[in-house]
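Engineer: One structure, as structure tokens, below. Some questions next.
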Amino acid sequence: MESATFVLFGATGDLAKRKIYPALYNLFVDGKLPESFSLFGLGRREWTDESFQANVEQSVRQFSRREAKNDGSLERFVRAFRYNVLDIGRKEDYARLLERIEQREDALGAPPNRLFYLSVGPEFFETIAANILESGLGSEQGWKRLVIEKPFGHDLPSARELNRKLSQTFAEEEIFRIDHYLGKPMVQKMGALQQANPVIQALWTNRYIANVQITASETVGVEERAGYYDHVGALRDMFQNHMLQLLMMAAIHLPHESSSEQVRFKKQRIMQAVVPLQKQDVAGSVVRGQYAAGAIGGKPVAGYSAEPGIAEDSTNDTFIAARLEIDDIYWRGVPFYIRTGKRMKEKSTRIVVEFKEPLQQPTQGLGTPNLLVFEIGPKEGIRLHLNTKEDGEFKPMRVELHGSQDDVPEAYENLIHDALRGDGTFFAHWDEVELSWQWVQPILDAFAENLVPLHAYAAGSYGPAESDELLARDGYRWWFDE
Ligand code: BG6
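Just so we're aligned, residue 712 is where the sequence shown starts under the numbering used here, counting upward by one.
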């Protein structure tokens, strides 16, 4: 892999500590970092190289999926780390940073390939990008890449504005938008499973599939993020990005060999084919909920509006369920149901594909529909639900196709590795982000105008009863882990 300098804005922050350093350490142990690799951490705190390295060591020990070995590997790893105090708005700080980076590149004999990772609030993206350009940090002699985290905007107009500003400094192929759901190993396998297996490929159409159910339920509540979450809600926090990405990955049809461009183009085509909602029709296809007091794992928990930092009369959504249709030759007539929520019964991210009843058989008495279940997290696995007959009666039979895997790479490992290699396949392209916002915008408008009722659901439940009705109207039900 080409040598690279990793320039991390927000190096003293929580994401860096919990996700980025542990991910880099695991890549290092697996030999997946470039041979000439340096990391420049940036922040406002008055840290030194030494105190920074000690902090990185500490975070690896605390958060890495692999225990840090006592074989000197952690010491070797942190030797590549440097720290610079930087005020995002101060040009002199960028000039000093450039000087240090150049010295280090010269010492290593490394070309100026620089990856800028913005682990800071989106309100800083524009200033940072402009200062990278002006200071000469984005050298033209090597490559430059920008890695950013959601939220990419707050609605369609603000997302477009953000993109317009960033595109003045970085080309689309230089921007790597992280949606960490795309880094989850099972999500990365979905396209390939369908692409490389005629058994699955042949079934991946409206001829055999009755409906697709995509769930991301969490047991946690708003946690310490009231200030952020109360302004975004489940729709912006999970649905517009993670859930619609899962929809694209579930519905994708790929030719045998496909480039990163083809994958992203196919995803874009799917999003374009999702039937748009009109503001006045949102209430018929979208259920919005907010958790009330209840119990999680037997322990009583407060309702959303009683959480610290949340206004008592908040109408923010902590649960969303929606029914979508993809109007293309593969999926016409197959409803896709999506739901996500906080304070639900279980932590589970999964896609369930429900097959139609056998075409030429009388269906009465024939067990349950065939299901293909992709468990994405917290455990990963693939399961097929079939029917068999015992003592003259049909009985369900579960076949584990791919059992839970231990020690799978974390999403951030896959994504950081890909960004260092310059592979954008599992990053959100601007076209996908824009189309997702476009689809979500009428829902935001309908919520803002109170055209959609807000249903309470007990913490520890599967969400409001109305979410079951969304499926019952079509003659279906949500499938759980049964
Ligand atoms: C984040 C959201 O993007 O994803 C959080 O901001 C949510 O609210 C998290 O808890 C869920 O991620 P995961 O990987 O635990 O399913």
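Ideal Cβ placement from N, Cα and C applies to all residues, glycine included.
#1: What residues match up with Val858 in a beta bridge as DSSP calls it?
#2: When DSSP labels each residue in this structure, what does Ala1176 get in the three-state scheme?
#3: In the DSSP assignment, find the beta strand (DSSP E) that holds Ile925 and state where it starts and stops.
#4: When you compare only the Cα positions, how much space is there between Gly724 and Glu1104?
#5: Is Arg936 near the ligand BG6, with its Cβ less than 8 Å from a heavy atom?
#6: Would you list the residues sitting across from Gln1001 in a DSSP beta bridge?
#7: Return the residue from the list Ala765, Leu1165, Lys977 that minimises the CA-CA distance to Asp1024.
#8: Got a sec: does the ligand BG6 put a non-hydrogen atom nearer than 8 Å to the Cβ of Val931?
#9: Just to confirm my understanding: we take Ile1062, look at its own chain, exclude 5 residues before and 5 after, and list those with CB closer than 6 Å. What are they?
#10: Among Pro966, Glu816, Gly1052, Val1045, which residue has its Cα nearest to the Cα of Ala927?
#11: Is Lys1090 near the ligand BG6, going by C-beta to nearest heavy atom under 8 Å?
#12: By Cβ distance below 6 Å, which residues in the same chain neighbour Gly1230 in space, the five residues on each side in sequence not counted?
#13: I'd like to check one pair, Val796 with Arg755: are the Cβ atoms closer than 9 Å?
#14: Looking only at C-alpha atoms, which of Trp1150, Ile1040, Val998, Arg871 sits nearest to Trp1141?
#15: Could you work out which residue in Val986, Leu738, Asp1028, Ala1167 is closest to Arg681 when comparing CA atoms only?
#16: Sort out for me which residues DSSP pairs Leu750 with in a bridge.
#17: For the ligand BG6, I want to know if Met897 counts as a neighbour, meaning its beta carbon is within less than 8 Å of at least one of the ligand's heavy atoms.
#18: How about Asn922 and Leu1182: are their beta carbons less than 9 Å apart?
#19: Any heavy atom of the ligand MG closer than 8 Å to the beta-carbon of Ala734?
#20: I need the straight-line Cα distance from Val974 to Ala984, nearest angstrom please.
#21: Hey, Ser971 and Thr1099 are a contact pair by Cβ (cut 8 Å); roughly how many whole angstroms apart?
#22: Return the chain-ordered list of same chain residues with a C-beta closer than 6 Å to the C-beta of Thr880, the five sequence neighbours on each side being excluded.
#23: Please classify Ser956 as buried or exposed, where buried requires at least 16 neighbouring CB atoms within 10 angstroms.
#24: Residues in its own chain within less than 7 Å of Glu1111 by CB, not counting five upstream and five downstream?
#25: If the criterion is Cβ atoms closer than 9 Å, does the pair Trp1150 and Pro987 meet it?
#26: Within its chain, find whatever has a CB closer than 8 Å to the CB of Ile799; leave out the 5 residues flanking it on each side and keep chain order.
#27: Rounded to a whole number of angstroms, what is the C-alpha to C-alpha distance between Trp1189 and Trp758?
#28: Check this for me: beta carbons of Val998 and Gly1174, under 9 Å apart or not?
#29: Using a Cβ-Cβ cut-off of 6 Å (strictly less than) and excluding sequence neighbours within five positions of Lys876, which residues of its own chain qualify?
#30: DSSP state of Ser710, grouped into three classes?
#31: Look at Glu885 and Arg856 and say whether their C-beta atoms are less than 9 Å apart.
#32: List the endpoints of the continuous alpha helix (DSSP H) containing Lys900.
#33: Could you tell me if the beta carbon of Met949 falls within a distance shorter than 8 Å of some heavy atom in the ligand BG6?
#34: Tell whether a beta-carbon distance below 9 Å holds between Ile1127 and Ile731.
#35: Any idea what DSSP makes of Leu1097, helix, strand or coil?
#36: Would you mind stating whether Leu848 and Ile889 have Cβ atoms separated by less than 9 Å?
Structural biologist: With the given structure in hand:
#1: Looking up residue 858 in the sequence shown gives position 147. Beta-bridge analysis with DSSP links Val858 to Tyr828, Phe887.
#2: Along the sequence shown, read from residue 1 onward, the residue named residue 1176 stands at position 465. Here Ala1176 sits in helix by DSSP.
#3: Indexing the sequence shown from 1 puts residue 925 at position 214. Boundaries of the beta strand (DSSP E) harbouring Ile925: 920-928, taken from the DSSP string.
#4: Walking along the sequence shown from the start, residue 724 turns up at place 13. Walking along the sequence shown from the start, residue 1104 turns up at place 393. Between the alpha carbons of Gly724 and Glu1104 lies a gap of roughly 59 Å.
#5: Within the sequence shown, numbered from 1, the residue matching residue 936 stands at position 225. Arg936: yes, Cβ under 8 Å from the ligand BG6.
#6: In the sequence shown, residue 1001 corresponds to position 290, counting from 1. Gln1001 is bridged to Ala1167.
#7: As a position in the sequence shown, residue 1024 is number 313, starting the count at 1. For the residues Ala765, Leu1165, Lys977, the minimum Cα distance to Asp1024 belongs to Leu1165.
#8: Counting from 1 along the sequence shown, the entry for residue 931 is found at position 220. Indeed, a heavy atom of the ligand BG6 lies less than 8 Å from the Cβ.
#9: Counting from one through the sequence shown, the residue named residue 1062 turns up at place 351. Excluding sequence neighbours, Ile1062 sits near Ile925, Ala961, Phe1085.
#10: Numbered from its first residue, the sequence shown carries residue 927 at position 216. Looking at Pro966, Glu816, Gly1052, Val1045, the one whose alpha-carbon comes closest to that of Ala927 is Gly1052.
#11: Locating residue 1090 in the sequence shown gives position 379, counting from the first residue. The closest heavy atom of the ligand BG6 lies 8 Å or more from the beta carbon of Lys1090.
#12: The structure shown does not extend to residue 1230, since the chain is modelled only from 712 through 1193, so no value can be given for it.
#13: The residue you call residue 755 lines up with position 44 of the sequence shown. The residue you call residue 796 lines up with position 85 of the sequence shown. Arg755 places its beta carbon less than 9 Å from that of Val796.
#14: Translated into the one-based positions of the sequence shown, residue 1141 becomes position 430. Per the C-alpha coordinates, the member of Trp1150, Ile1040, Val998, Arg871 positioned closest to Trp1141 is Arg871.
#15: In the structure displayed, the chain extends from 712 to 1193; residue 681 sits before or after that span and is not available.
#16: Position 39 of the sequence shown, counting from 1, holds the residue named residue 750. DSSP output for Leu750 lists Phe717, Phe792 as bridge partner(s).
#17: The sequence position of residue 897 within the sequence shown is 186, counting from 1. For Met897, the distance from the CB to the nearest heavy atom of the ligand BG6 is not below 8 Å.
#18: Looking up residue 922 in the sequence shown gives position 211. Looking up residue 1182 in the sequence shown gives position 471. At a Cβ-Cβ threshold of 9 Å, Asn922 and Leu1182 count as neighbours.
#19: Among the ligands present in this structure, namely the ligand BG6, the ligand MG is not found.
#20: Taking the first residue of the sequence shown as position 1, residue 974 is located at position 263. Taking the first residue of the sequence shown as position 1, residue 984 is located at position 273. Cα to Cα, the separation comes out at about 16 Å.
#21: As a position in the sequence shown, residue 971 is number 260, starting the count at 1. As a position in the sequence shown, residue 1099 is number 388, starting the count at 1. Not confirmed; about 42 Å, so no contact.
#22: On the sequence shown, position 169 is the one that residue 880 refers to. Counting only Cβ-Cβ distances below 6 Å, and skipping sequence neighbours, we find Ala840, Leu844.
#23: Taking the sequence shown and counting its residues from 1, one reaches residue 956 at position 245. The question names Ser, yet the displayed sequence has Gln at residue 956. Per the 10 Å Cβ criterion, buried.
#24: Translated into positions along the sequence shown, residue 1111 becomes position 400. Result list for Glu1111: Gly1092, Arg1094, in chain order.
#25: Walking along the sequence shown from the start, residue 1150 turns up at place 439. Walking along the sequence shown from the start, residue 987 turns up at place 276. Result yes, Cβ atoms of Trp1150 and Pro987 sit closer than 9 Å.
#26: In the sequence shown, residue 799 corresponds to position 88, counting from 1. Around Ile799: Phe720, Val831, Phe835, Thr838, Ile839, Asn842.
#27: Here residue 1189 is taken as the residue at index 478 of the sequence shown, counted from 1. Here residue 758 is taken as the residue at index 47 of the sequence shown, counted from 1. Those two C-alpha atoms are separated by around 51 Å.
#28: As a first step, residue 998 is located in the sequence shown; it is residue number 287 there, counting from the start. As a first step, residue 1174 is located in the sequence shown; it is residue number 463 there, counting from the start. When the beta-carbon positions are compared, Val998 and Gly1174 come within less than 9 Å of each other.
#29: Here the question's residue 876 lines up with position 165 in the sequence shown. Cβ within range, chain order: Glu837.
#30: As shown, the chain starts at 712 and ends at 1193. That puts residue 710 outside it, with no answer to give.
#31: The residue you call residue 885 lines up with position 174 of the sequence shown. The residue you call residue 856 lines up with position 145 of the sequence shown. Yes, they are a contact pair.
#32: Translated into the one-based positions of the sequence shown, residue 900 becomes position 189. Start and end: 896-907.
#33: One-based indexing of the sequence shown puts residue 949 at position 238. For the ligand BG6, at least one heavy atom lies less than 8 Å from the Cβ of Met949.
#34: In the sequence shown, the residue the question calls residue 1127 occupies position 416. In the sequence shown, the residue the question calls residue 731 occupies position 20. Contact: yes.
#35: Counting from one through the sequence shown, the residue named residue 1097 turns up at place 386. For Leu1097, the three-state secondary structure derived from DSSP is strand.
#36: The residue you call residue 848 lines up with position 137 of the sequence shown. The residue you call residue 889 lines up with position 178 of the sequence shown. Going by C-beta atoms, Leu848 is not nearer than 9 Å to Ile889.
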